[in-house]
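Participant: Have a look at this one.
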Amino acid sequence: NAGVMQNPRHLVRRRGQEARLRCSPMKGHSHVYWYRQLPEEGLKFMVYLQKENIIDESGMPKERFSAEFPKEGPSILRIQQVVRGDSAAYFCASSPQGDTQYFGPGTRLTVL
Amino acid sequence: GDSVTQMEGPVTLSEEAFLTINCTYTATGYPSLFWYVQYPGEGLQLLLKATKADDKGSNKGFEATYRKETTSFHLEKGSVQVSDSAVYFCALSGNAGNNRKLIWGLGTSLAVNP
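In C-alpha cells, the structure reads:
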C-alpha cells in the first residue's frame with residue numbers, strides 16, 4: 001500500500017503567480033487534511049476534506065486559498081496570487097474514517 | 001481553544017543518554033495525544049499515540065503516558081542513538097465525530113552526538 005503522495009516536492013513561484021499543490025491519499029482513505037508549516041513556526045491546520053466536500057476550513061486564509069477533493073483524482077490546494085509570506089512547507093495527511101493521520105512528504109513552496 | 005505546549009529546544013545529548021521531552025496540553029473533553037517525528041528534509045511520521053487517560057504509547061524505544069491529572073504526555077527514551085536526531089512534535093486531536101484535525105506544539109529539535 002503506497003503512502004500518501006504529494007507533488008511537487010518543491011515548487012518555486014514568483015509573486016502574483018498561482019501555486020497548485022497535489023495530494024493523493026493512501027488507498028482506501030477518504031479523509032484528507034492540509035497543514036502548513038511556516039519557517040520558525042509550528043504546524044497549523046488549514047482544511048479538512050472528505051470526497052467532494054469541505055468539512056472544516058477554519059484554518060484557511062479567507063482570500064486566495066482554496067481546496068478541493070474531487071470524486072476522482074487527488075486533493076488540490078490552490079493558492080492564487082502568491083506572496084512571499086506564503087513560502088512554507090505544506091503537508092497533507094490522509095486517514096480512514098476518524099483515525100490516525102498519515103502524512104505525505106510535503107511540498108516546499110518558495111515565493112520569489 | 002485547545003493548545004499544546006512543549007519544551008523548547010534544541011536539546012543536545014550524547015549517545016545512550018536518557019531523553020525527556022515535556023508536553024502539556026489544554027483541551028475540552030478527552031483528546032487523543034500523539035508524538036510525531038520529522039527527520040531532516042522529510043515529512044512527519046507518527047511515533048506513538050494514546051487515546052485515553054493512563055494509556056501508554058510506545059514505539060522504537062520511545063514511550064509516553066497520557067496523564068489526565070497533569071494534562072501531560074511527556075516523551076521518554078532510555079538510551080538515544082545518533083539516528084534519533086530529528087524534530088519531535090506533540091499534538092492532540094478531538095475524539096468527537098470524524099474531524100480529527102491536529103493541534104500542534106512548536107516542535108523540539110533533538111541532536112544526538114556520538
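Protein chains in written order, with our numbering: chain A, 1 to 112; chain B, 1 to 114. Where a beta carbon is used, it is the ideal one built from N, C-alpha and C, also for glycine. Here the structure is a predicted model, which means the values were calculated and not measured.
Residue 94(A) and residue 39(A): beta carbons closer than 8 Å?
Facilitator: Counted from its first residue, the first sequence places residue 94(A) at position 94. Counted from its first residue, the first sequence places residue 39(A) at position 39. No, Cβ-Cβ distance for residue 94(A) and residue 39(A) is not below 8 Å.
Participant: Distance, Cα to Cα, residue 73(B) vs residue 110(A)?
Facilitator: Walking along the second sequence from the start, residue 73(B) turns up at place 73. Walking along the first sequence from the start, residue 110(A) turns up at place 110. One C-alpha to the other measures close to 34 Å.
Participant: Reducing DSSP to helix, strand and coil, say where residue 82(B) ends up.
Facilitator: As a first step, residue 82(B) is located in the second sequence; it is residue number 82 there, counting from the start. Helix.
Participant: Please go through the same chain and pick out, in chain order, the residues whose beta-carbon is closer than 6 Å to the beta-carbon of residue 34(B), but skip the five residues on each side of it.
Facilitator: Reading the second sequence from its first residue, position 34 is the one you call residue 34(B). For residue 34(B), where only same-chain residues beyond five positions count, the Cβ hits under 6 Å are 49, 91.
Participant: By DSSP's criteria, residue 5(A) is part of a beta bridge. Which residues make up the other side?
Facilitator: In the first sequence, the residue the question calls residue 5(A) occupies position 5. Answer is 24(A).
Participant: Between the Cα of residue 47(B) and the Cα atoms of 107(B), 10(B), 63(B), which residue gives the shortest distance?
Facilitator: As a position in the second sequence, residue 47(B) is number 47, starting the count at 1. It is 63(B).
Participant: To which residues of the same chain is residue 37(A) closer than 7 Å at the C-beta, ignoring the five residues directly before and after it?
Facilitator: The residue labelled residue 37(A) in the question sits at position 37 within the first sequence. Cβ neighbours of residue 37(A) beyond the five flanking positions: 43, 88, 89, 91.
Participant: My output table needs one value for residue 100(B): the three-state DSSP class, helix, strand or coil.
Facilitator: Residue 100(B) sits at position 100 when you count from the first residue of the second sequence. In the structure shown, residue 100(B) sits in coil (DSSP, three-state: anything other than H, G, I, E or B).
Participant: Would a C-beta distance cut-off of 8 Å place residue 108(A) and residue 14(A) closer than the cut-off?
Facilitator: Walking along the first sequence from the start, residue 108(A) turns up at place 108. Walking along the first sequence from the start, residue 14(A) turns up at place 14. No, they are not a contact pair.
Participant: Determine which residues share a DSSP beta bridge with residue 56(A) and list them.
Facilitator: As a first step, residue 56(A) must be located in the first sequence, where it is residue number 56. Paired residues: 48(A).
Participant: Apart from the five residues just before and just after residue 74(A), which ones in its own chain have a Cβ nearer than 7 Å to its Cβ?
Facilitator: Working through the first sequence from its first residue, we reach residue 74(A) at position 74. Excluding sequence neighbours, residue 74(A) sits near 22, 23, 24.
Participant: How long is the line joining the alpha carbons of residue 104(B) and residue 72(A), rounded to whole angstroms?
Facilitator: Along the second sequence, one-based indexing puts residue 104(B) at 104. Along the first sequence, one-based indexing puts residue 72(A) at 72. So the two alpha carbons sit approximately 30 Å from each other.
Participant: Any beta-carbon of chain B closer than 8 Å to the one on residue 43(A)?
Facilitator: As a working mapping, residue 43(A) is identified with position 43 in the first sequence. With 8 Å as the cut-off, residue 43(A) counts as an interface residue toward chain B.
Participant: Cβ of residue 15(B) within 8 Å of Cβ of residue 112(B)?
Facilitator: Counted from its first residue, the second sequence places residue 15(B) at position 15. Counted from its first residue, the second sequence places residue 112(B) at position 112. Yes; because the gap between Cβ atoms is below 8 Å, this pair is in contact.
Participant: Closer than 7 Å by C-beta to residue 105(A): which residues in its own chain qualify, once you throw out the five before and the five after it? Chain order, please.
Facilitator: Working through the first sequence from its first residue, we reach residue 105(A) at position 105. Cβ within range, chain order: 6, 9.
Participant: Taking Cβ positions, are residue 29(A) and residue 98(B) nearer each other than 8 Å?
Facilitator: Residue mapping note: residue 29(A) aligns to position 29 of the first sequence, counting from 1. Residue mapping note: residue 98(B) aligns to position 98 of the second sequence, counting from 1. Against a cut-off of 8 Å, the Cβ pair of residue 98(B) and residue 29(A) comes out as no contact.
Participant: Listed in chain order, which residues of the stretch 79-111 of chain B have Cβ atoms closer than 9 Å to some Cβ of chain A?
Facilitator: If the cut-off is 9 Å between Cβ atoms, the stretch 79-111 of chain B has 89, 91, 93, 95, 97, 98, 99, 100, 101, 102, 103, 104, 105, 106, 107 near chain A.
Participant: By Cβ distance, which residues of its chain are closer than 8 Å to residue 10(B), with the 5 residues on each side in sequence left out?
Facilitator: Translated into the one-based positions of the second sequence, residue 10(B) becomes position 10. So the list reads 108, 109, 110, 111, once near-sequence residues are dropped.
Participant: Whole angstroms is fine: what's the gap from residue 31(B)'s alpha carbon to residue 66(B)'s?
Facilitator: Numbered from 1 along the second sequence, position 31 holds the residue referred to as residue 31(B). Numbered from 1 along the second sequence, position 66 holds the residue referred to as residue 66(B). Those two C-alpha atoms are separated by around 10 Å.
Participant: Which of helix, strand or coil does DSSP assign to residue 106(A)?
Facilitator: Residue mapping note: residue 106(A) aligns to position 106 of the first sequence, counting from 1. Note: residue 106(A) maps to coil in three-state DSSP.
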